[in-house]
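Numbering (the UniProt record's numbering), first residue to last: 1 to 142.
Glycine included, C-beta positions come from ideal geometry on N, C-alpha and C.
Computed from a predicted structure; not experimentally measured.
What follows is a set of notes on a single structure, which appears directly below.
Right, here's the structure in full:
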């Protein structure tokens, strides 16, 4: 049985070793287990602490549950830590109980955009005046 804390630690390690400049750091945790380590309080405490460490390091942890009977309140609500300026209960509930279906669709759209690089299919040169030229790229709309 793999430890959730170990998985989160490895993710944090990957971010810390990354030499490229990143726009943001997010961990998307896809799971169908609503109560991992149910019989091991120590592993649950370690996972909660690692989630706090991630938050302090500026890494966003997002839980994407994949099950009709998934109960986020059993364990994962403790791992989702809202920003300090989001004090009210409605904000906490929105973060914790986000609909994974809409998030999956957002991820798929993002992947489609990354996969489809726009390249010019041609260029047209316009001469506006002697010595003044302008180039226009032609793209195919998909």
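Going by C-alpha to C-alpha distance, which of the options sits closest to residue i?
i, options, result
"residue 3", "133, 34, 47", "47"
"residue 32", "111, 112, 133, 69", "69"
"residue 128", "136, 113, 39", "136"
"residue 122", "111, 10, 140", "140"
For a quick check, are the C-beta atoms of residue i and residue j less than 8 Å apart?
i, j, result
"residue 22", "residue 51", "no"
"residue 49", "residue 75", "no"
"residue 34", "residue 67", "yes"
"residue 64", "residue 36", "no"
"residue 79", "residue 12", "no"
"residue 138", "residue 120", "yes"
Which residues does DSSP list as the beta-bridge partners of residue i?
i, result
"residue 2", "Paired residue(s): none; residue 2 is not in a bridge."
"residue 37", "None; residue 37 has no bridge partner."
"residue 123", "137"
"residue 129", "132"
"residue 13", "Beta-bridge pairing links residue 13 to no other residue."
So for residue i, helix, strand or coil by DSSP?
i, result
"residue 70", "coil"
"residue 135", "strand"
"residue 111", "helix"
"residue 79", "coil"
"residue 54", "helix"
"residue 61", "strand"
"residue 19", "coil"
Original post:
For the 8 Å Cβ check, are there 3 or more pairs between the region 17-29 and the region 55-64?
Top reply: yes
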